Amino acid sequence: MPEATIDHREKAHALLKADADNILRLIEVQIENLTMPQCPVYEDVLDTQMFGLSREIDFAVRLDLISENEGRALLENLEKKLNILHEASQNSV
Numbered sequence: 006m007p008e009a010t011i012d013h014r015e016k017a018h019a020l021l022k023a024d025a026d027n028i029l030r031l032i033e034v035q036i037e038n039l040t041m042p043q044c045p046v047y048e049d050v051l052d053t054q055m056f057g058l059s060r061e062i063d064f065a066v067r068l069d070l071i072s073e074n075e076g077r078a079l080l081e082n083l084e085k086k087l088n089i090l091h092e093a094s095q096n097s098v
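The opening residue of the sequence shown carries number 6 in our numbering; numbering runs sequentially from there.
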């Protein structure tokens, strides 16, 4: 596999991971400072961000920059972290 292809794949994975991390931080800030997880605004932001990331991942998969399994793992990892964050916010109420 050419070195440029490997570099593009690594960069795509790093960018998608960074976007997932940004979503997590956005939701953390929203929970800590702005709204409760039951709030429609919270749910809209979360849904919109997750949809956008899933479309980015789909695009990267279609370009063969990441595998479907890598994309699925990124989403599942983010969902697990968001669930932990949500549960922690529920327990602190």
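Think of the CB as a built atom: it goes at the ideal place given N, C-alpha and C, for glycine as much as any other residue.
Since this is a predicted model, take the numbers as computed values, not measurements.
Non-local beta-carbon contacts of LYS86 in its own chain, meaning distances under 8 angstroms to residues more than five positions away in sequence, involve LEU29 in chain order.
Nearest to GLY57 by alpha-carbon distance, out of ASN27, ALA93 and GLN95, is ASN27. Within the region 35-80, the complete alpha helix (DSSP H) segments at least 4 residues long are 45-67, listed from N- to C-terminus. The criterion of a C-beta distance shorter than 7 angstroms is satisfied by HIS18 and ILE71.
CA-CA distance, ASP49 to ILE11, rounds to 36 angstroms.
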